[in-house]
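In my numbering, the protein residues as written are -4 to 96.
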């Protein structure tokens, strides 16, 4: 088994990594909260959310609050599993690097 086998290309980008990191520790997060936390533009965030949604790593929940649209995101079971595998793979790379010293 390759040391990088479980590295998930979808999490290569820092914004997608940030989105999933936030969703792993929060039940639901709004678009505006993600935008503030990650300090990104609407368009940039939307495109990365779309990629994660297409992979079925997050779920979109749309509603209205005081007649204003309110979009929230939640990591799916598949997304949580994929992210955990990715993080575990990164940790294994770090551990194996330390063993080479």
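Where is the CB? At the ideal position from N, CA and C, for every residue including glycine.
Given a cut-off of 8 Å on the beta-carbon distance, is the pair residue i and residue j in contact?
i, j, result
"residue 40", "residue 26", "yes"
"residue 98", "residue 73", "No information on residue 98 is available, as it lies outside the stretch -4 to 96 that the chain covers here."
Sort the options by Cα distance to residue i and report the nearest one.
i, options, result
"residue 44", "62, 9 and 64", "9"
"residue 46", "21, 73, 68 and 11", "11"
"residue 69", "35, 42, 14 and 61", "14"
"residue 7", "87, 82 and 18", "82"
Which class does residue i belong to by DSSP, given the choice of helix, strand or coil?
i, result
"residue 70", "strand"
"residue 65", "strand"
"residue 90", "helix"
"residue 23", "coil"
Considering residue i, what are the terminal residues of the beta strand (DSSP E) in which it resides?
i, result
"residue 30", "Not the beta strand (DSSP E): residue 30 falls in the alpha helix (DSSP H), residues 26 to 33."
"residue 48", "Per DSSP, residue 48 belongs to no beta strand (DSSP E); it is in the alpha helix (DSSP H), 37 to 49."
"residue -3", "Looking at the DSSP string, residue -3 is not in any beta strand (DSSP E), and its letter there is neither H nor E."
Checklist entry - Taking three-plus beta-carbon pairs below 8 Å as touching, is the stretch 49 to 66 in contact with the stretch 28 to 35? => result No: fewer than three Cβ pairs fall under 8 Å.
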